[in-house]
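These notes concern the structure reproduced below.
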Amino acid sequence: MDASIILATYNRKALLGACLRCLNAQDYPANQFEVIIVDDGSGDGSLELAKEWTASYAVKVISAGHQGIGPARNIGVSAASGDIVIFIDDDALVPPWFVAEHVKSHREASGPVYVAGPALNVYGQEKIDDPPVTAWRYRIQAWLDWFGDPFVGVNASCPRKEFLEQQGFDIRFGRAYGYQDTELGLRFRLSGVGGVRNRRAYVLHHQAGTPTLELEMKKRHERGGTAAMFYEKYPLPEVKKIIHWERLKWNDRLERWGLVRWATPERVAAMRENGHILYPLARKILLTHLFAASLRKGLAAAGIPEKD
């Protein structure tokens, strides 16, 4: 079998259905790819939807508890039969040529590579039940996406053999947000696996709407912690650049200027509610502080000096 699509899902039943409908429309031979749905402990009927899904391609459904997206993807790959594993998320919508383009990029490469494609954000106003995935505005937007992330789990593929040799996503990240994909991409590059970008293999990454401030704060705090884990594993200048090490110095400046004390969560929330003109500034200060504080705490716990 040529390819296995690894689709981890958690409590996104409606989006999962839209994603699977897109996969049903693939123009790649149905006997040459499979879809492995790994449910990460959903409680909204996603698992039941997956079990009842019918398609011309093979479908495997795995219930994985609630371990996080990295472990869920690893479980999916362990059940895969395809030479290539393609990662997408349950909130991704793909064009009919998606699988074909990923496979094509691997076949045209002179050696083992990972393939990354654009992830184009679309928002709540888009109709997920009838997504215009093939619309020219998206094709053009994807073509213009020259500088995207080198490896992002919502749209990436790699040889199954190389993935298993790297032991997959680092499960130490658990359910925390941030850098799991980037860390695996770096591991690939350090082991000699090159990266290829295919802008025709794009996905529409559906965003339900503007995230709440509470969710942004939670993600930024978690991202600071995973940044520390990433740097502890790979104390390289490249990683310092990736995790924006300079935010530590910026946070120190903001504290000296009294701006961290000013941009409290309560004040920022009130400014957002009232549409205050300084809300974007206050939000930036708050999120920068949360990231830097979490990164600093993680570095200290690992015994890593900031001036390393």
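In terms of the numbering used here, the sequence shown opens at residue 85 and continues consecutively. Glycine included, each C-beta is placed from N, C-alpha and C at the ideal position. A quick note: this is a predicted structure, and the numbers were derived from the prediction, not measured.
The alpha helix (DSSP H) that contains residue 57, what's its start and end? For residue 57 there is no data in the structure shown, the boundaries of the chain being 85 and 392.
How far does the beta strand (DSSP E) with residue 203 in it reach, from first residue to last? 203–206 is the span of the beta strand (DSSP E), which, as asked, contains residue 203.
May I ask you to report which of helix, strand or coil DSSP gives residue 413? Residue 413 lies beyond the residue range present for the chain, which begins at 85 and ends at 392; the question has no answer from this structure.
Pull up the distance between the alpha-carbon of residue 243 and that of residue 251, whole angstroms please. Going from the Cα of residue 243 to the Cα of residue 251 covers about 13 Å.
The segment 177–196 in contact with the segment 118–132 per 3-pair CB rule at 8 Å: When C-beta atoms of the segment 177–196 are compared with those of the segment 118–132, fewer than three pairs fall below 8 Å, so the two segments do not count as touching.
Taking the alpha helix (DSSP H) that residue 321 falls in, what are its first and last residues? Element bounds for residue 321: 321–326.
Could you check the C-alpha separation between residue 164 and residue 333 for me, to the nearest Å? For the pair residue 164 and residue 333, the Cα-to-Cα distance works out to about 45 Å.
So what's residue 95 in DSSP terms, helix, strand or just coil? Look at residue 95 here: in three-state DSSP terms it is coil, with no helix or strand label.
DSSP state of residue 361 mapped onto helix, strand, coil: Secondary structure of residue 361 (DSSP, three-state): coil.
Quick check on DSSP: helix, strand or coil for residue 235? In this structure, residue 235 counts as coil in the three-state DSSP scheme.
In the DSSP assignment, the beta strand (DSSP E) including residue 167 goes from what residue to what residue? Membership of residue 167 in any beta strand (DSSP E) is not indicated, and neither H nor E is assigned to it by DSSP.
From 336, 281, 294 and 273, pick the residue whose C-alpha is nearest to that of residue 318; which is it? It is 273.
With a Cβ-Cβ cutoff of 8 Å, do residue 287 and residue 176 count as a contact? Between residue 287 and residue 176, the C-beta gap is smaller than 8 Å, which places the two residues in contact.
May I ask you to verify whether the segment 152–163 touches the segment 86–102, counting CB pairs closer than 8 Å and requiring at least 3? With a cut-off of 8 Å, the segment 86–102 and the segment 152–163 count as touching, because enough Cβ pairs lie within range.
Please report the distance separating the alpha-carbon of residue 190 from that of residue 152. A straight line joining the alpha-carbon of residue 190 with that of residue 152 spans about 28 Å.
Please go through the same chain and pick out, in chain order, the residues whose beta-carbon is closer than 6 Å to the beta-carbon of residue 149, but skip the five residues on each side of it. In chain order, 125 place their CB closer than 6 Å to the CB of residue 149, counting only its own chain and leaving out the 5 sequence neighbours on each side.
By the DSSP assignment, the beta strand (DSSP E) with residue 289 in it spans what residues? Residues 287–290.
Could you check the C-alpha separation between residue 312 and residue 382 for me, to the nearest Å? Their Cα atoms are separated by approximately 5 Å.
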